[in-house]
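Working notes, beginning with the structure itself.
This is the structure we're talking about:
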C-alpha cells in the first residue's frame, strides 16, 4: 500500500503460509500441493479474505512453517510484503477461557447474548467467518 508522496505505509496482513509454487486458486481450494516443500519455492502468504497471495521478503524473517496462520507486519511493494515482523495467530479461545460479552441478532432478528444462549450443561458457539456462496 503506497501512501501519497511516494512513502510507504506500514500495515498488517493475515493469512496462511503456503508454497509460492501454488497459485491463489489452489490455495483457496486448500490443495495439498500448497503445503508441500517445493525446491526453489519460497513461503508466501495467502489471504483468503481477498484471495490474494503475497510474496514475503526477507525469507529469513519467516520463522513459521507451511500451513501456519500468521499476521505479517510491514510494507507492500507490488505483491510482496517487506516484513518488519511476523507472528503466529491464535484462533479462538483457549480451553477453559471465558467468552467475552457479546450480542448479535439471530436468523429471526432476535438479539442473543451469551446469557440467552447458555444451557444447563454449558454452551458451544460456532462463528462461521465466511463462505463461498
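Numbering (the numbering used here), first residue to last: 944 to 1076. All residues carry an ideal CB built from backbone N, CA and C; glycine is no exception.
- According to the DSSP secondary-structure assignment, residue 1054 is paired through a beta bridge with 1048.
- According to DSSP, residue pairing for residue 978 in a beta bridge does not occur.
- Comparing alpha-carbon positions, the option among 1069, 987, 996 and 993 lying closest to residue 1004 turns out to be 987.
- With fewer than 16 other beta carbons inside 10 angstroms of its own, residue 1044 counts as exposed.
- By the criterion of a C-beta distance shorter than 8 Å, residue 967 is surrounded in its chain by 989, 994, 995 and 996, once the five residues flanking it on both sides are discounted.
- Nearest C-alpha to residue 952 among 1020, 962, 1007 and 1001: 1020.
- Bounds of the beta strand (DSSP E) holding residue 987 are 986-990.
- Just measuring C-alpha positions, the residue of 958, 1017 and 1047 sitting nearest residue 1000 is 1017.
- With a beta-carbon spacing of about 6 Å, residue 1013 and residue 1031 fall inside the 8 Å limit used to define contacts.
- Between residue 979 and residue 998 a beta carbon distance of about 18 Å is seen, past the 8 Å cut, so the two are scored as non-contacting.
- Residue burial annotation: residue 960 is buried, with at least 16 other C-beta atoms found within 10 angstroms of its C-beta.
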